[in-house]
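Reviewing the structure listed below.
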Amino acid sequence: MSDSVDYFGSGNEIFQNKELLQVSHLPDGDRIIGREDELTNLANAIKPATRGNTPNNVLVYGKTGTGKSLCSKFITNQAIDRAANNDITIGVAYVDCLQDSTETQAVQSIGHQLNRPTETNVSIPHSGLSTSEYYRRLWQIVDHWYDVALIILDEVDKIEDDDILMQLSRAVESGKLTESTVGVIGISNKVRYKDSLDERIKSSLCEREYVFSPYDATQIQEILRSRSDAFHEGVLEEGVIPRVSALAAREHGDARKAIDILRFAGEIAEENDYETVTEACVDQAHEREETSRLAELISKSPSHAKLVLEAMAFLTQQKGDSDAPVTTNEVYDLYKRLCERDESDHLKLRRVRDILSELEFLSIIEQERKWAGKGKGNYMENRLIDDPEVIIAACNESD
1 MSDSVDYFGS GNEIFQNKEL LQVSHLPDGD RIIGREDELT NLANAIKPAT
51 RGNTPNNVLV YGKTGTGKSL CSKFITNQAI DRAANNDITI GVAYVDCLQD
101 STETQAVQSI GHQLNRPTET NVSIPHSGLS TSEYYRRLWQ IVDHWYDVAL
151 IILDEVDKIE DDDILMQLSR AVESGKLTES TVGVIGISNK VRYKDSLDER
201 IKSSLCEREY VFSPYDATQI QEILRSRSDA FHEGVLEEGV IPRVSALAAR
251 EHGDARKAID ILRFAGEIAE ENDYETVTEA CVDQAHEREE TSRLAELISK
301 SPSHAKLVLE AMAFLTQQKG DSDAPVTTNE VYDLYKRLCE RDESDHLKLR
351 RVRDILSELE FLSIIEQERK WAGKGKGNYM ENRLIDDPEV IIAACNESD
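Shown next as structure tokens:
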């Protein structure tokens, strides 16, 4: 065995604590950069909870990677500690509505997170109960074991049914909770999300609204430097962090993307047994980050969804502006030609409309309904969120 190949390699050690570069990592307060005002606003909104009173319900808006989830998790965790000093018990549940997109899934997730089965003697199975029974058990847990429950609904616009917002925001008013109270923090990438809500939900849920603006290049540099101890000392070459920051700032100030690129750059250096992380590693990492995220989503899409995306990408390239909208009819005409190219039968226009809606749900495209003028009705504008070249590469990679 001594002559066998060591597939783990000799390995220059690049990372010291790679967990600092994971999306799931929740940093200490002094590592949260450029969000002091936002943290203060969130704290003020839920401050009543630390005294056992009903907090304000909050809607938080902003593009991906602007710190919405991070700040919401941090401030609710801090609220737990502050409340404990007042002999108040706060429970926090975090729901990713992209994963738990139905009302039943979301309520089950909340109940599961807040439950202490050995103390409550309440079971929250992953499936098998009606939605109303999941609610009944949730109210039982909250009323008996918490003074306040704070529920974070991340990507709340992905939830299929608004009923959960009504149930949570009016749990006390409707008598479901009698000994405790509940507060909701809804997080959305869509600034116009509130406009789609029922008026009754809007009045109870939107008590406070905050918009998180994109990070600028300086802030992203600070964020990356605050996490640079993920690497061994001297491993990062001088131009690496400025290069990553410039790339991320150019693309809507997405700190999450910047952290991913920095981690990928370290992995590329490690895979190639480099002694340091270079700017060339960053450029490779940038390409990997874009294609891997999209390829994962696109690989799970049906073949006709890929053709619809390809059509959108080609049309956007023809217009010479990566932010240019394309109409559904334009997409459909080119999609049919692509089907001919691949010698496959095309779907009907109605089904392509459905596919575009599904792509919008996955945050691969954005859609906006436009008024064509009196007597002409409405039409839908579709925009790619990523550059068309990246979409085409991801489609080809997933074939």
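Each residue of the sequence shown is one higher than the one before, counting from 1 in this note's numbering.
All C-beta atoms in this analysis are idealised placements derived from N, C-alpha and C, irrespective of residue type, glycine included.
- Residue burial annotation: HIS286 is buried, with at least 16 other C-beta atoms found within 10 angstroms of its C-beta.
- Straight across, the Cα-Cα distance linking GLU222 with GLY65 is about 15 Å.
- DSSP, reduced to helix, strand and coil, places GLN367 within a strand of the structure shown.
- No residue range can be given for ASN115, since it is assigned to no beta strand (DSSP E) and is classified by DSSP as neither H nor E.
- In terms of Cβ geometry, GLU207 and ASN57 form a close pair [threshold 8 Å].
- Your pair ILE187 and LEU138 does not check out as a contact, with CB atoms roughly 20 Å apart and the cut at 8 Å.
- Look at ASN44 here: in three-state DSSP terms it is helix.
- If you draw a straight line from the Cα of SER72 to the Cα of ASP100, it is about 18 Å long.
- Cβ neighbours of CYS97 within its own chain (closer than 8 Å, five residues either side excluded): ALA106, LEU153, ASP154, GLU155, VAL156, ASP157, LYS158, ILE159.
- Secondary structure at THR291: helix, using DSSP grouped into helix, strand and coil.
- Taking all protein chains in view, the Cβ of GLY34 is crowded by 16 or more other Cβ atoms within 10 Å, so the residue is classified as buried.
- In terms of Cβ geometry, VAL172 and ILE141 do not form a close pair [threshold 8 Å].
- Look at GLU238 here: in three-state DSSP terms it is coil, with no helix or strand label.
- Where LEU150 is concerned, there is no enclosing alpha helix (DSSP H), although the beta strand (DSSP E) around it starts and stops at 148-154.
- It is roughly 10 Å from the alpha-carbon of ASN86 to the alpha-carbon of ILE80.
- Annotation: the continuous beta strand (DSSP E) that includes ILE185 extends over 181-188.
- No Cβ-Cβ contact shorter than 8 Å links ILE220 with GLY183.
- Beta-bridge annotation (DSSP): ILE90 is paired with VAL148.
- In the DSSP assignment, LEU224 falls within the unbroken alpha helix (DSSP H) covering 217-226.
- Boundaries of the alpha helix (DSSP H) around GLY266: 255-271.
- In the assembly as shown, LEU26 is an exposed residue. Its beta-carbon has fewer than 16 other beta-carbons within 10 Å.
- Non-local C-beta neighbours of ALA269 in its own chain, meaning closer than 6 Å and more than five positions away in sequence, comprise ILE14, VAL277, CYS281, ordered along the chain.
- DSSP, reduced to helix, strand and coil, places VAL277 within a strand of the structure shown.
- Annotation for GLU360: GLN367 place their beta carbon closer than 6 Å to its own, counting only its chain and skipping 5 residues before and after.
- In this model, ARG227 and ALA265 are separated by some 14 Å (Cα to Cα).
- Its chain contains VAL308, THR328, VAL331, ILE365, GLN367, MET380, ASN382 as the residues whose beta carbon lies nearer than 8 Å to that of LEU356, once the 5 sequence neighbours on both sides are disregarded; these appear in chain order.
- Here DSSP, grouped into helix, strand and coil, assigns THR327 to strand.
- Here VAL390 carries a helix assignment [DSSP, helix/strand/coil].
- The Cβ atoms of VAL148 and PRO55 sit closer than 8 Å to each other.
- For ILE298 and ASP387, the gap between their C-alpha atoms comes out near 15 Å.
- Residue pairing by DSSP puts TYR61 in a beta bridge opposite SER188, VAL211.
- An exposed status is given to GLN22, since fewer than 16 other beta-carbon atoms sit within 10 Å of its beta-carbon.
- One alpha carbon belongs to ARG337, the other to SER292, and they sit about 28 Å apart.
- Between ILE185 and CYS339, the alpha-carbon positions lie close to 44 Å from each other.
- Distance from the CA atom of THR89 to the CA atom of TYR146, rounded to whole angstroms, is 5 Å.
- Per DSSP, the continuous alpha helix (DSSP H) segment holding ARG350 begins and ends at 349-361.
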